[in-house]
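Undergrad: Residue numbers (numbering that gives the first Met the number 0): 0 to 306.
Even glycine gets a Cβ: it sits at the ideal position worked out from N, Cα and C.
A quick note: this is a predicted structure, and the numbers were derived from the prediction, not measured.
Please read through the structure below; I'll follow up with questions.
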Amino acid sequence: MSLGSYGVRHLQAFFGALGRLMRNPLASFLTVLVVAVALALPMSLKLFVSNARLATGDFKDAVDLSVYLKTDVALAKAQQLAANAKARHGVADVTLIPADQALEEFRTYSGFGAALEVLEQNPLPHVLHVHPSPDASSTADIETLRQYFKAWPEVELVQIDSEWVMRFNAILDVLRQVLTIAATLLGLGVVAVIGNTIRLEILNRRAEIEVTKLVGGSDGFVRRPFLYTGMLYGLGGALLAWAIIMITVLVLEQPVATLAQLYGSQYSLSGPTADDIGVLLGSGAFLGLVGAWISATRHLSRIEPRA
């Protein structure tokens, strides 16, 4: 068989599958709608996580560590410790706040300057303000840094500033895991729905399939139009899911912008990227093809021409 003839056979199978779908618009639309909902849910969750990340992007540099040294640590030793901390991987910058400077700032801004005059010595310790590097700002990395500084014998206390940011990022990490699980389960659901639809179509066309096999048609030849049918179901569902997501983004765009303005932010809701759309369409077509192939391979093998 020549390459041109092979391509013509595939075009015939493709347009034949498309024609059968168009001849049953309601049934085809209902199947596509089920697939679209299954594909739209994980993509919507992904967009939620992505937008939450973007909305809190300005706070990614707010997670710092305050390392309080013991009060008997000398300033020279504190400077040495600051240099050691800055040399560690995962640390972008370290600021040493000497005890005298901290006391002076407290005297200036606390309003208790007169009361502090009665103190015979400075009760405040030297403090290292540690800023993690961008590639070491995850919850696990911050906790590793905290344990590292806590183990120093000169350290009295290690406090993580803006712990709420870390908690929020941890929640987003959990949501990403939920997204993976949801996408897997709903993907299996798409395969099952399309596979069952192809099974019913095979049963409805049993007589046609028997005649085709009787005149010499191979299982691959008989299976080809069903594979295109499954791919069209998956691709159609992905396109409809894309439309559903875009409509949802348009509906929520103004309320989200209004909410952001109430918090003094200019944040606007972001829709799916070109990569997201590509993954959505490719996943829909692939899942449809897989579901159709499993169902067609299983059921066509049971149909043999009767003499």
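#1: Use the C-beta contact count for residue 139: other C-beta atoms within 10 angstroms, 16 or more gives buried, fewer gives exposed.
#2: Hey, quick one: how far does the alpha helix (DSSP H) through residue 75 stretch, first residue to last?
#3: Which residues bound the beta strand (DSSP E) around residue 32?
#4: Please classify residue 168: is it buried, with 16 or more other beta-carbons within 10 angstroms of its beta-carbon, or exposed?
#5: Starting from residue 64, trace the beta strand (DSSP E) both ways and give me its first and last residue.
#6: Here's the rule I'm using: 16 or more other beta-carbon atoms within 10 Å means buried, otherwise exposed. How should residue 0 be labelled?
#7: Measuring only the C-alpha atoms, how far is residue 143 from residue 149?
#8: Are any of the Cβ atoms in chain D nearer than 8 Å to that of residue 41?
#9: Which same chain residues, not among the five before or five after residue 101, have their C-beta less than 6 Å away from its C-beta?
#10: Which one or two residues does DSSP pair with residue 94 in a beta bridge?
#11: Here's the rule I'm using: 16 or more other beta-carbon atoms within 10 Å means buried, otherwise exposed. How should residue 277 be labelled?
#12: Less than 8 Å between the beta carbons of residue 281 and residue 194, yes or no?
#13: Near residue 152, what residues of its chain come up, given a Cβ to Cβ distance below 6 Å and the 5 sequence neighbours on each side ignored?
#14: If you compare alpha carbons, which of 178, 141, 267 is closest to residue 38?
#15: Are residue 81 and residue 64 close, meaning C-beta to C-beta below 8 Å?
#16: Compute the Euclidean distance between the alpha carbons of residue 214 and residue 208, then round it to the nearest angstrom.
#17: If contacts are defined as beta-carbon pairs under 8 Å, then residue 222 and residue 295 qualify, I think. What distance do you get, rounded to the angstrom?
#18: Assuming residue 213 is part of the alpha helix (DSSP H), what are its boundary residues?
#19: Let me confirm a value: residue 131 is counted as buried when at least 16 other C-beta atoms fall within 10 Å, else exposed. Which label applies?
#20: Under 8 Å, do residue 127 and residue 93 count as touching if we go by C-beta distance?
#21: Taking the beta carbon of residue 173 as the centre, do at least 16 other beta carbons fall within 10 Å, making it buried, or is it exposed?
#22: According to the neighbour-count rule (16 or more other Cβ atoms, all chains shown, within 10 Å of its Cβ), is residue 9 buried or exposed?
TA: Put simply:
#1: exposed
#2: 74-85
#3: Per DSSP, residue 32 belongs to no beta strand (DSSP E); it is in the alpha helix (DSSP H), 24-54.
#4: buried
#5: 64-68
#6: Confidence at residue 0 is low in this model, with a pLDDT of 48, below 50, so the placement of that residue should be treated as unreliable; the coordinate-derived value is given next. With fewer than 16 other Cβ atoms within 10 Å, it is exposed.
#7: 10 Å
#8: Here chain D cannot be found, since the structure has a single protein chain.
#9: 123
#10: 128
#11: exposed
#12: no
#13: none
#14: 178
#15: no
#16: 10 Å
#17: 5 Å
#18: 205-213
#19: buried
#20: yes
#21: exposed
#22: exposed
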